[in-house]
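Reading through the structure tokens given below for one structure.
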Amino acid sequence: MSSPSAVATSPWILEVRDVKKSYENGTIEALRGVSLGIAAGDFLAITGASGSGKSTLLHLLGGLDTPTEGTVLFRGQRIGKSSGSGNGGVASIDLDTYRASSAGFIFQSFHLLPSLNALENVQVPMLGTGSHPRDREDRARALLVELGLEPRLHQYPTQLSAGERQRVAIARALVNEPKVLLADEPTGNLDSVNSAKILEILAQIQARHGTTLIMVTHDLSIAATAHRHVAMRDGRICN
Amino acid sequence: MRLTFVGFAWRNVWRRRLRTALTLCGIGMGIGAFVALVGFSRSFEHAWLEMYQNSGTDLAVVQKTFLNTSVDQSAGAVLAGIPQIRIAAPMIINMMAVTPEINTLVYGWKADTFEFAALNILQGRRFRDGQQEAMLGELLASSLNKKVGDKIDLQGSEFTVVGIFRSGSALETGAIILPIDEMQNLSSMTGKVTAFHVQLKPAPPGVTAAQWKQEAEDAVEKDLPGLRAVPAAERASNNQLVVLAHAAAWGTSLIALLVAALGIANTMAMSVFERTKEIGVLRAMGWSRHRVMFLILMEAAALGAAGGATGMLLGWAALHVLATLPQTASIVSTALPLMTFLDGLLMAVLVGVLAGAVPAWRGARLSPVEALRHE
Numbered sequence: 001m002s003s004p005s006a007v008a009t010s011p012w013i014l015e016v017r018d019v020k021k022s023y024e025n026g027t028i029e030a031l032r033g034v035s036l037g038i039a040a041g042d043f044l045a046i047t048g049a050s051g052s053g054k055s056t057l058l059h060l061l062g063g064l065d066t067p068t069e070g071t072v073l074f075r076g077q078r079i080g081k082s083s084g085s086g087n088g089g090v091a092s093i094d095l096d097t098y099r100a101s102s103a104g105f106i107f108q109s110f111h112l113l114p115s116l117n118a119l120e121n122v123q124v125p126m127l128g129t130g131s132h133p134r135d136r137e138d139r140a141r142a143l144l145v146e147l148g149l150e151p152r153l154h155q156y157p158t159q160l161s162a163g164e165r166q167r168v169a170i171a172r173a174l175v176n177e178p179k180v181l182l183a184d185e186p187t188g189n190l191d192s193v194n195s196a197k198i199l200e201i202l203a204q205i206q207a208r209h210g211t212t213l214i215m216v217t218h219d220l221s222i223a224a225t226a227h228r229h230v231a232m233r234d235g236r237i238c239n
Numbered sequence: 001m002r003l004t005f006v007g008f009a010w011r012n013v014w015r016r017r018l019r020t021a022l023t024l025c026g027i028g029m030g031i032g033a034f035v036a037l038v039g040f041s042r043s044f045e046h047a048w049l050e051m052y053q054n055s056g057t058d059l060a061v062v063q064k065t066f067l068n069t070s071v072d073q074s075a076g077a078v079l080a081g082i083p084q085i086r087i088a089a090p091m092i093i094n095m096m097a098v099t100p101e102i103n104t105l106v107y108g109w110k111a112d113t114f115e116f117a118a119l120n121i122l123q124g125r126r127f128r129d130g131q132q133e134a135m136l137g138e139l140l141a142s143s144l145n146k147k148v149g150d151k152i153d154l155q156g157s158e159f160t161v162v163g164i165f166r167s168g169s170a171l172e173t174g175a176i177i178l179p180i181d182e183m184q185n186l187s188s189m190t191g192k193v194t195a196f197h198v199q200l201k202p203a204p205p206g207v208t209a210a211q212w213k214q215e216a217e218d219a220v221e222k223d224l225p226g227l228r229a230v231p232a233a234e235r236a237s238n239n240q241l242v243v244l245a246h247a248a249a250w251g252t253s254l255i256a257l258l259v260a261a262l263g264i265a266n267t268m269a270m271s272v273f274e275r276t277k278e279i280g281v282l283r284a285m286g287w288s289r290h291r292v293m294f295l296i297l298m299e300a301a302a303l304g305a306a307g308g309a310t311g312m313l314l315g316w317a318a319l320h321v322l323a324t325l326p327q328t329a330s331i332v333s334t335a336l337p338l339m340t341f342l343d344g345l346l347m348a349v350l351v352g353v354l355a356g357a358v359p360a361w362r363g364a365r366l367s368p369v370e371a372l373r374h375e
């Protein structure tokens, strides 16, 4: 296991080391020993058939879940243990802190809150953080304007097209300035025109801000636009 | 409009308008019952205090026991001999039916008691001892449509109305006052009274009023074992009628509040279940378990507060209705103490938070991945 000083020189922003994940008392093995390093600013596509373990890997990389065995490291810090450095010499970061400050999620079904309009939906990650309401609104507005949604700021999710909803979801994922953007089939519910637009936006964000982009997709043509492509089968990386 | 944490909580509550409205009705009924019942019992206590204060009563001499409330009238002679006491007026209080629908407080007083000082006789005159004569509070006289010279039947005995009076206390303005000897006959209390209302002499120089009163209390207990002298303010809050009214009010209110709490708990549990996926999204966006829990608790508290406000209006309206009904007008005052409103609001928020605690805990412990998979 790396020491903190060794970790500081790690080339990876995210690293998984021999990670296993099982469910239902080990009867279902979703990941069977996965190791992977992702460099800062990388654009990684993860593909695989349904049940291959690609979404489980994304959840571990995004701090939504913890591995049954192995470790996930963000900038050399172990994700998912209590804060401090009492984990065999490896500093750690707790899941909530990691998700709030370093990771942004984009889902296939957008998951916007129906009672809030576009502008309010984007502010939700910042609620309860002590930030000023005016600052929150300004930040959300700027992101939505950047994503071409200025005329739709006060529309509710049901009043937006699928492509617009996904753009609102992207703005929400970006609002806390994450270092890592994790997208789970972000174009899965979109037509080809909107899919292309969303992929273009994601590529622009990755290029402009140097955000690390990790995208799960079953579409190999989309995966081909990524810098790197990892294919999964039966809980293992197979390429 | 800028999104705030509180605003977000309220939007979540108001999303299911019908369910929220029905829950508010439930909480409103509970808090309304609390405001009406506890408000009634507190205003009842306040009316007693007013009655004592208006008449200038310093002490009430009563039995030490709670249920056996009669005192030998002969104790009056002993009281008259206690140096601190200026006058000790025997009195009886009871409740009687004046019509099949209307029960009212009936007092037995001596014709020369100092307590008449608090009354303003609007028509007629004071009664005479030993005569079947009655004085009616103006509210009761109006309800019964009685005037001076009319007859009134009490427990089979006919009394002539000789006076109509006004009083600052709700307990008197809807009541009847009879000569104490007639009241003893009606109540089968010959030689007995409910209490002596005592006025003290002015404290001598060098003795404080409190010391003077304490000396009088000690003298009563020394000279009349089995009896105790209670300051008027204390008597107002711990006489049998007030104690029973408080107990009944709080008991009934707590049951109503429990029902309201179950309503909130049910609503919040449903809400958390329906929003499982949303909670997963919040957790994915970095919301901690504590922040999710706080949000749900705030929603429950908002529901409680809104229900509390509804309940206060209902309770206030109920008191006003009761105050106009002839059956209850004599013992209900619409003057609702501010404390009852504050207690009601606090109680509503507390009930909301307690009822929301379990749903909040369940919501907060959801794993983000499991919550996002929820259908």
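Those protein sequence lines, which keep their order, are chains A and B. Counting in this note's numbering, the first sequence runs from 1 upward without gaps. Counting in this note's numbering, the second sequence runs from 1 upward without gaps. Using N, Cα and C, we set each Cβ at its ideal position, and we do this for glycine too. Note that the coordinates shown come from a computational prediction; the quantities given were computed from them, not determined experimentally.
Any C-beta of chain A under 7 Å from that of residue i
i, result
"Leu18 (chain B)", "no"
"Phe5 (chain B)", "yes"
"Arg373 (chain B)", "no"
"Pro365 (chain B)", "Looking at the sequence provided, one finds Arg at residue 365 (chain B) rather than Pro. Not an interface residue."
"Met285 (chain B)", "yes"
"Ser288 (chain B)", "yes"
"Phe34 (chain B)", "no"
"Val369 (chain B)", "yes"
Sequence-distant residues of the same chain with beta carbon closer than 7 Å to residue i, five excluded per side
i, result
"Val122 (chain A)", "Ala140, Leu143, Leu144, Val168, Ala171, Arg172 and Val175"
"Ser102 (chain A)", "Phe74, Pro178, Lys179 and Val180"
"Leu58 (chain A)", "Ile46, Leu182, Asp184, Ile214 and Val216"
"Ala318 (chain B)", "Gly32 and Ala36"
"Ala39 (chain A)", "Pro11, Trp12 and Ile13"
"Trp212 (chain B)", "Gln84, Leu200 and Ala203"
"Gly137 (chain B)", "Phe165, Ser167, Glu172, Thr173, Gly174 and Ala175"
"Arg86 (chain B)", "Gln199, Leu200 and Lys201"
Residues near residue i in its chain [Cβ-Cβ closer than 6 Å; skip 5 each side]
i, result
"Asn94 (chain B)", "Val106 and Ser187"
"Ile177 (chain B)", "Tyr107, Trp109 and Met135"
"Ala223 (chain A)", "Ala45, Thr47, Thr217 and His229"
"Gly26 (chain B)", "Ala260 and Gly263"
"Leu24 (chain B)", "Ala306, Gly307 and Thr310"
Limits of the beta strand (DSSP E) - the one that residue i falls within
i, result
"Lys20 (chain A)", "Trp12 to Tyr23"
"Ser143 (chain B)", "Note, Ser143 (chain B): premise wrong, no beta strand (DSSP E); alpha helix (DSSP H) at Glu138 to Leu144."
"Phe196 (chain B)", "Ala195 to Leu200"
"Asn103 (chain B)", "Asn103 to Trp109"
"Asp191 (chain A)", "Segment: none, Asp191 (chain A) is in no beta strand (DSSP E) and carries neither H nor E."
"Asp184 (chain A)", "Val180 to Asp184"
"Gln214 (chain B)", "Not the beta strand (DSSP E): Gln214 (chain B) falls in the alpha helix (DSSP H), residues Ala209 to Asp223."
Reduced DSSP secondary structure (H/G/I, E/B, other) of residue i
i, result
"Met158 (chain B)", "With the sequence shown as reference, residue 158 (chain B) is identified as Glu, and Met is not the correct amino acid for it. Residue state, collapsed to three classes: strand."
"Glu29 (chain A)", "strand"
"Tyr156 (chain A)", "coil"
"Leu3 (chain B)", "coil"
"Trp14 (chain B)", "helix"
"Ser101 (chain A)", "helix"
"Val332 (chain B)", "coil"
"His229 (chain A)", "strand"
"Thr47 (chain A)", "strand"
"Gln204 (chain A)", "helix"
"Ala170 (chain B)", "helix"
"Ser187 (chain B)", "coil"
Residues of its chain near residue i, where Cβ-Cβ distance is below 8 Å and the 5 sequence neighbours each way are ignored
i, result
"Glu234 (chain B)", "none"
"Ala118 (chain B)", "Met51, Asn54, Ser55, Gly56, Ser167, Gly168, Ser169 and Glu172"
Short CB-CB distance (under 7 Å) between residue i and chain B
i, result
"Leu147 (chain A)", "no"
"Ala240 (chain A)", "Because chain A spans 1 through 239 in this model, residue 240 (chain A) falls outside it and cannot be assessed."
"Ser50 (chain A)", "no"
"Ala100 (chain A)", "yes"
"Ser115 (chain A)", "yes"
"Glu164 (chain A)", "no"
Host alpha helix (DSSP H) of residue i (start-end)
i, result
"Glu69 (chain A)", "Run containing Glu69 (chain A): none in the alpha helix (DSSP H); it sits in the beta strand (DSSP E), Glu69 to Phe74."
"Gly130 (chain B)", "Note, Gly130 (chain B): premise wrong, no alpha helix (DSSP H); not H, not E."
"Gly344 (chain B)", "Leu338 to Ala364"
"Ala88 (chain B)", "Careful: Ala88 (chain B) lies outside any alpha helix (DSSP H), inside the beta strand (DSSP E) at Ile85 to Ala97."
"Val369 (chain B)", "Pro368 to Arg373"
"Gly124 (chain B)", "Per DSSP, Gly124 (chain B) belongs to no alpha helix (DSSP H); it is in the beta strand (DSSP E), Asn120 to Gly124."
"Arg139 (chain A)", "Pro133 to Glu146"
**Prompt:** Looking at chain B, which residues of the stretch 126-160 of chain A have a Cβ within less than 8 Å of any of its Cβ atoms?
**Reply:** Leu127, Gly128, Pro133, Arg134, Arg136 and Glu137
**Message:** What are the residues in the stretch 218-233 of chain B lying within 9 Å of chain A by C-beta distance?
**Reply:** none
**Request:** Could you run through the stretch 207-221 of chain A and flag, in chain order, every residue whose CB is less than 7 Å away from some CB of chain B?
**Result:** none
**Request:** Could you list the residues in the stretch 176-191 of chain A with a C-beta less than 8 Å from some C-beta on chain B, going in chain order?
**Result:** Asn176
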